[in-house]
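Note that the numbering used here has the sequence shown beginning at -4, numbered continuously upward.
Note that beta-carbon positions come from the ideal geometry of N, C-alpha and C, so glycine has one too.
Notes to accompany the following structure.
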Amino acid sequence: MHKPEKEPSRIGFYLCHCGTNIAGMVEVDRVTRYVAQLPGVALSRHYKYMCSNPGQELIQRDIEEHQLNRVVVAACSPLLHEQTFRAALAQAGLNQYYFQMVNVREHNAWVHTDRLEATQKAMALSRAAIQRVQHHKALEVKGTPIYPNAMVLGGGIAGIQAALTLAKAGKKVHLIEREPTIGGHMAKFD
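Structure (structure tokens):
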């Protein structure tokens, strides 16, 4: 995989209509025209549903055809579709961390009643994402070996219960108690 941070930015910008959720409040044509003029932007588009298979395929095709090395998607919450878009980048051969997502639905279209204000805010949020993505570096996911045993501090009722739960899950458990007996305060009651 090549390292785009050593090359000039060629950013693809994609604004999702999200049906009418975004396009009903934000002037998508105006935002994409504005973003197209920003430094580093090679391509600026809008599409009805970017998270759909055709939307993801559009991004993948554009990465190859326009030699994009960064992608910004302005759409709904990253909680819903950030991994969808990262996977699309990876399938196109671009490191998934050369990606930035902008929430222009919940943070913008759904909280505005004025179309001009919502459009201007979408432009500002998109401009910030374009500037940010230019500083992204290639990252890779690495596995880390873990020590599968567990140590439980405290031999009270909660500590004993935690130790039993872990043991039932197949973990070797070390129960540490500073007193000579376990049971905590419950051991004092008759």
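In the DSSP assignment, the residues bridged to residue 171 are 148. Between residue 131 and residue 81, the beta carbon gap of about 12 Å keeps them out of contact (Cβ cut-off 8 Å). A direct Cα-Cα distance of roughly 8 Å separates residue 127 from residue 95. Nearest to residue 12 by alpha-carbon distance, out of 5, 133, 21, is 21. Looking at the DSSP output, residue 41 sits in a beta bridge with 10. Exposure of residue 136 is indicated by the presence of fewer than 16 other C-beta atoms within 10 angstroms of its C-beta. Taking a cut-off of 8 Å on C-beta distances, the stretch 142 to 149 touches the stretch 163 to 173, as three or more cross pairs fall below it.
Within the model, the alpha-carbon separation for residue 39 versus residue 1 is close to 22 Å.
Here residue 98 carries a strand assignment [DSSP, helix/strand/coil]. In the DSSP assignment, residue 133 falls outside any alpha helix (DSSP H), carrying neither H nor E. In the three-state DSSP reduction, residue 65 falls in the strand class (E or B). DSSP places residue 30 in the helix class (H, G or I) of the three-state scheme.
For residue 180, the number of other beta carbons within 10 angstroms of its own is below 16, and it is reported as exposed. Going by C-alpha positions, residue 121 is about 46 Å away from residue 144. Under the DSSP assignment, residue 53 falls in the alpha helix (DSSP H) whose first and last residues are 48 to 60.
In this structure, residue 97 and residue 69 form a Cβ contact; the two beta carbons are roughly 4 Å apart against a cut-off of 8 Å. Annotated as proximal: residue 7 and residue 37, with beta-carbon spacing under 8 Å. Straight-line measurement puts the Cα of residue 123 at about 23 Å from the Cα of residue 51. The beta-carbon separation of residue 129 and residue 4, rounded to 5 Å, stays under the 8 Å limit for a contact.
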